[in-house]
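For reference, the structure is listed below as structure tokens.
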Amino acid sequence: MATLLPEPASAPSQLPSKSPSTSHRTWLRHINSGDQIVETCPAWCTDSHRSDDSGFLDDLSHGARFDGPELHVFDAEHGTLPLPVLAGRINVDPYSEDPRRHVPHIHLEPFQDEVMECLDPQEFAAVIAQVRAHCDRLDEVHAQLVKARAEYR
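Sequential numbering of the sequence shown, starting at 3, is according to the working numbering.
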């Protein structure tokens, strides 16, 4: 929720500053157009917003990051390195030109630096179903591996 305000001539802001102790952080943002806006974080937002005191209106997003498990992946330069998979964040971009971004959505990183953006609940459920089906397939492959190793001895 936001309210656009005209830039005051010289009056200092009487609005509360950002504070991690409150569940709904509210602050005054200076928009590059010269306007101001009162911005309030959704209750689930964990972003610090340290550098969101000014900027373009559509630069603001609210989010909450979630971690993924790390898999040890071979890297030719460094040997084996932990690589997070299936990490991401719940995100909302309230001022985006894309209306799908105006509501909370998922930005999923199947692998580090690879992103599936703006997944709605149904699209995210489809990804979960695919991953779950693949895990079931991996369980089958695991059983085949155990059997093959037992027969190999």
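Idealized CB from N, CA, C, for every residue including glycine.
According to DSSP, simplified to helix, strand and coil, what is residue i?
i    : result
R151 : helix
Q38  : strand
H109 : strand
C43  : coil
E99  : coil
L116 : The sequence shown places Glu at residue 116, not Leu. The answer is coil: DSSP assigns E116 none of H, G, I, E or B.
R27  : coil
Taking just the CA atoms, how far does residue j sit from residue i?
i    : j    : result
V94  : E153 : 53 Å
G70  : P84  : 11 Å
A127 : P86  : 20 Å
D49  : E142 : 40 Å
G81  : S56  : 43 Å
F68  : R155 : 43 Å
S53  : I92  : 19 Å
E72  : C137 : 16 Å
R27  : H74  : 38 Å
S63  : F113 : 22 Å
A140 : A131 : Rather than Ala, the amino acid found at residue 140 in this sequence is Leu. The straight-line gap from Cα to Cα measures roughly 14 Å.
D61  : A78  : 37 Å
Taking the DSSP output, what are the residues bridged to residue i?
i    : result
V75  : L83
S56  : H32
H64  : V94
A89  : E111
L176 : The first residue shown for the chain is 3 and the last is 155, placing residue 176 beyond what the model contains.
Kindly list the residues whose CB is nearer than 6 Å to the CB of residue i, restricted to its own chain and excluding five residues on each side of it in sequence; keep chain order.
i    : result
E111 : A89, G90, V117
Which residues in the same chain as residue i place their Cβ atom closer than 8 Å to its Cβ, once the five residues preceding and following it in sequence are excluded?
i    : result
V133 : L88
R102 : C120, D122
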